[in-house]
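Colleague: Quick mapping for you: the protein sequence lines, in order, are chains A and B. The numbering used here applies: residue -8 is where the first sequence begins, and numbers increase by one. The numbering used here applies: residue -8 is where the second sequence begins, and numbers increase by one.
Protein chains: 2
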Amino acid sequence: MFTKVLVAEDYEIANQGIIKVLTEKIGIQNIQEAKYCDDAYLKFRKAYNDGQSFELLITDLSFRKDHNIQTRTSGIQLLQDIRIIDPLIKVIVYSQEDRVDKINQLFQKYQINGYVCKGQRAVKELVNCISGVYQGVTIFPPELTDNQSANNMIQLDDLDMVLLEELALGLTKKEIRVRLQEQSITPNSESYIDKRVSKLFDNFKAKNTTHLVAIVKDLGLL
Amino acid sequence: MFTKVLVAEDYEIANQGIIKVLTEKIGIQNIQEAKYCDDAYLKFRKAYNDGQSFELLITDLSFRKDHNIQTRTSGIQLLQDIRIIDPLIKVIVYSQEDRVDKINQLFQKYQINGYVCKGQRAVKELVNCISGVYQGVTIFPPELTDNQSANNMIQLDDLDMVLLEELALGLTKKEIRVRLQEQSITPNSESYIDKRVSKLFDNFKAKNTTHLVAIVKDLGLL
DNA sequence: AAGTTCCGTACAGAAATCTGTATGGCTATA
DNA sequence: TATAGCCATACAGATTTCTGTACGGAACTT
Chain A
-8 MFTKVLVAED YEIANQGIIK VLTEKIGIQN IQEAKYCDDA YLKFRKAYND GQSFELLITD
52 LSFRKDHNIQ TRTSGIQLLQ DIRIIDPLIK VIVYSQEDRV DKINQLFQKY QINGYVCKGQ
112 RAVKELVNCI SGVYQGVTIF PPELTDNQSA NNMIQLDDLD MVLLEELALG LTKKEIRVRL
172 QEQSITPNSE SYIDKRVSKL FDNFKAKNTT HLVAIVKDLG LL
Chain B
-8 MFTKVLVAED YEIANQGIIK VLTEKIGIQN IQEAKYCDDA YLKFRKAYND GQSFELLITD
52 LSFRKDHNIQ TRTSGIQLLQ DIRIIDPLIK VIVYSQEDRV DKINQLFQKY QINGYVCKGQ
112 RAVKELVNCI SGVYQGVTIF PPELTDNQSA NNMIQLDDLD MVLLEELALG LTKKEIRVRL
172 QEQSITPNSE SYIDKRVSKL FDNFKAKNTT HLVAIVKDLG LL
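#1: Would you report the Cα separation of G18/B and V107/A, rounded to the nearest angstrom?
#2: Going by CA-CA distance only, name the one from P132/B, K165/B, V204/B that's closest to D185/B.
#3: Since G8/A contacts I4/B with CB under 8 Å, what's their CB separation in whole angstroms?
#4: Rounded to the nearest angstrom, how far is the Cβ of V118/A from that of V12/A, given a contact under 8 Å?
#5: Please name the residues in the region -7 to 25 of chain A whose beta-carbon is closer than 8 Å to at least one beta-carbon of chain B, in chain order.
#6: Does the CB of Q111/B have a neighbour CB from chain A at under 8 Å?
#7: Does any C-beta atom of chain B lie closer than 8 Å to the C-beta of T201/A?
#8: Would a check of beta-carbon distances place K208/B closer than 8 Å to chain A?
#9: Just the C-alpha distance for A25/A and D29/B, rounded to the nearest angstrom, thanks.
#10: Verify whether the separation of the beta carbon atoms of Q111/B and R55/A is less than 8 Å.
#11: Which chain B residues are close to K198/A, counting only those with a beta carbon under 9 Å from its beta carbon?
#12: Jot down the residue ranges of each uninterrupted beta strand (DSSP E) in the region 66 to 112 of chain A, minimum 3 residues, whole runs only, in chain order.
#13: Suppose contacts are defined by Cβ-Cβ distances below 8 Å. Is I73/A in contact with Y32/A by that definition?
#14: Using C-beta distances below 6 Å, list every residue in its chain close to E0/B, excluding the 5 sequence neighbours before and after it, in chain order.
#15: Could you check if N40/A is buried or exposed, using at least 16 other CB atoms within 10 Å of its CB as the buried criterion?
#16: Distance, Cα to Cα, M152/A vs E46/B?
#17: If you follow the beta strand (DSSP E) that A(-1)/B is part of, which residue opens it and which one closes it?
#18: Checking contacts by CB at 8 Å: is R55/A closer than that to chain B?
#19: Just list the residues that DSSP pairs A25/B with in beta bridges.
#20: What residues from the region 84 to 115 of chain B come within 7 Å of chain A, judged by C-beta to C-beta, listed N to C?
#21: Kindly list, in the order they appear in chain A, the residues whose Cβ is closer than 9 Å to that of V124/B.
#22: Kindly list the residues whose CB is nearer than 6 Å to the CB of G105/A, restricted to its own chain and excluding five residues on each side of it in sequence; keep chain order.
#23: Are the region 158 to 172 of chain A and the region 198 to 210 of chain B touching by the rule of at least three beta carbon pairs closer than 8 Å?
#24: Do you know offhand how far A141/B's Cα is from D89/B's?
#25: Throw me the rounded Cβ distance for the I49/B and Y2/B pair, which I believe falls under 8 Å.
#26: Using Cβ-Cβ distances below 7 Å, what residues of the region 26 to 38 of chain B are close to chain A?
#27: Taking Cβ-Cβ distances shorter than 7 Å, what residues in chain A pair up with V204/B?
#28: Starting from I49/B, trace the beta strand (DSSP E) in both directions and tell me its first and last residue.
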């Protein structure tokens, strides 16, 4: 089993909870915790340089900005930076995020080794995940393997996101058109913008722009 | 110090974290945990009926709906139900919520004894909170006592909230009017609805309805 | 080469939004 | 009792949204 683990999680209580599970349920003794991304990075680098590298990183995704200056505020940044030092480090993400496409992205784009969603069964999932990752297996969370939820995904391209953002800012179609032209983003005709937004209405079963933005905000896409 | 405590928190890891703090930092031995509101309620009632009542409830605000049938899904409901059994029970809420007015409401409307915000200093805050509450003091979180954040609050009444909700559902002013009339909510004229919404525009510096809903969603008011 | 299907644009009309003005009722206060 | 201020409503006009139709071009199929 892993003998040396780094836990990066800014919520102190959750931090303590993870450590409790690691020590009591798995028997890992050498655990270090970090409440800030930068802190985690420095601890990792120091251990690596001392030839006593961590074998596993368990990290949250989002870190609150605090009075402390934080150059790295997201777990993704942290894992990228740490992979530069040690490309073979195993990484498990432990986060609130339960959106299927976002979790998927973590595996595909950032090649994490496991994901555990904060939730009612997180202890068991975490234990399974760690032992699976130790054996070299990539551990997908139930959220992903339950194909029930994997279906109702809607693919949004860059233009869709731009439109949603500007609508949420209260811009009119005309204003959006002008903006797109200024940034030389094509297509940018008013009628096409209308079409695209209407398509989004269909996708999200929205009655109008306001409803659409509300739905997308609720889904956490914006 | 408290000798018997009930922890209601659906996130297992956080649950474990709280227990770790209670045992190791405060030395409370008799702790029971519950991952569901209903479960917490039953445990509390049983202990009370057995004449071995809990002295303190630490509860989260929001509980995820799960496959299990949950009649109580919010911590507020839980604390109300428990106060019916034992009006003197001390209650500390431990939650992600950091909106000043929502926390304020917990103290004023539901008379909780303490609040701890999930965060980077939650361990210390929790320890302080518990010892303060034990001494009979109401412990407000730093979020409330820092008057810096207490200023920029906007008071929304019931009608405002109803309007915001219905707008977010994509209803037109006409439809909203009809709804209000059906529920005999007054005032309900279309023009007054217009006026109220325009006032909300001013309050939140919104350009239009879509922008307004986006802002309110971001603030977590909806 | 002809047909089909998207993609991007243009236009048009009904509905809805947004803003401003006007009016009557209620309350408070001088 | 007169005045002022707020609440609730009504109406009106400019702007915007939303929906549908139409048209040309590019890509792809047969």
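Virtual Cβ for every residue (Gly too), placed ideally from N, Cα, C. Given the structure is predicted, the values throughout are model-derived calculations rather than measurements.
Modeller: Well, looking at it:
#1: Between G18/B and V107/A, the C-alpha separation is close to 30 Å.
#2: Across the set P132/B, K165/B, V204/B, the C-alpha of K165/B shows the shortest separation from the C-alpha of D185/B.
#3: In this structure G8/A touches I4/B by the C-beta definition: roughly 4 Å separates them, less than 8 Å.
#4: At roughly 7 Å, the Cβ-Cβ gap stays under 8 Å, so V118/A and V12/A are in contact.
#5: Cβ contacts with chain B: D1, Y2, E3, I4, A5, N6, Q7, G8, I9, I10, K11, V12.
#6: Under the Cβ criterion of 8 Å, Q111/B is counted among the residues facing chain A.
#7: Yes, T201/A lies at the interface with chain B (some Cβ there is under 8 Å from its Cβ).
#8: Residue-level contact by beta carbon holds for K208/B and chain A, with a gap shorter than 8 Å.
#9: If you take the alpha carbons of A25/A and D29/B, they lie about 35 Å apart.
#10: Annotated as proximal: Q111/B and R55/A, with beta-carbon spacing under 8 Å.
#11: Counting only Cβ-Cβ distances below 9 Å, K198/A has contacts in chain B at L160, G161, L162, T163, in chain order.
#12: Runs of beta strand (DSSP E) with 3 or more residues, each lying fully within the region 66 to 112 of chain A, are found at 81 to 86, 105 to 108, listed in chain order.
#13: Contact annotation: I73/A and Y32/A have beta-carbon atoms nearer than 8 Å.
#14: So the list reads N6, D51, once near-sequence residues are dropped.
#15: With fewer than 16 other Cβ atoms within 10 Å, it is exposed.
#16: For M152/A and E46/B, the distance between alpha carbons rounds to 51 Å.
#17: -5 to -1 is the extent of the beta strand (DSSP E) around A(-1)/B.
#18: Interface residue, yes.
#19: Among the bridge pairs identified by DSSP, A25/B is matched with A(-1)/B.
#20: Within the region 84 to 115 of chain B, the qualifying residues are K109, G110, Q111, R112, A113, V114.
#21: The premise fails here: V124/B is roughly 17 Å from chain A at the closest Cβ pair, so nothing lies under 9 Å.
#22: Cβ contact annotation for G105/A (same chain, cutoff 6 Å, sequence separation greater than five): I83, C120, V124, I130, in chain order.
#23: As far as the Cβ criterion goes, the region 158 to 172 of chain A touches the region 198 to 210 of chain B, which means the pair count is three or higher.
#24: Model confidence at A141/B stands at a pLDDT of 43, short of 50, so the residue's coordinates are unreliable; what they give is reported in the following sentence. Each residue's CA atom was taken as its position, placing A141/B and D89/B some 11 Å apart.
#25: The beta-carbon separation of I49/B and Y2/B, rounded to 13 Å, does not stay under the 8 Å limit for a contact.
#26: Only K26 from the region 26 to 38 of chain B bring a Cβ to less than 7 Å from some Cβ of chain A.
#27: Per Cβ cutoff of 7 Å: T201, V204, A205.
#28: Here the beta strand (DSSP E) through I49/B covers 47 to 50.
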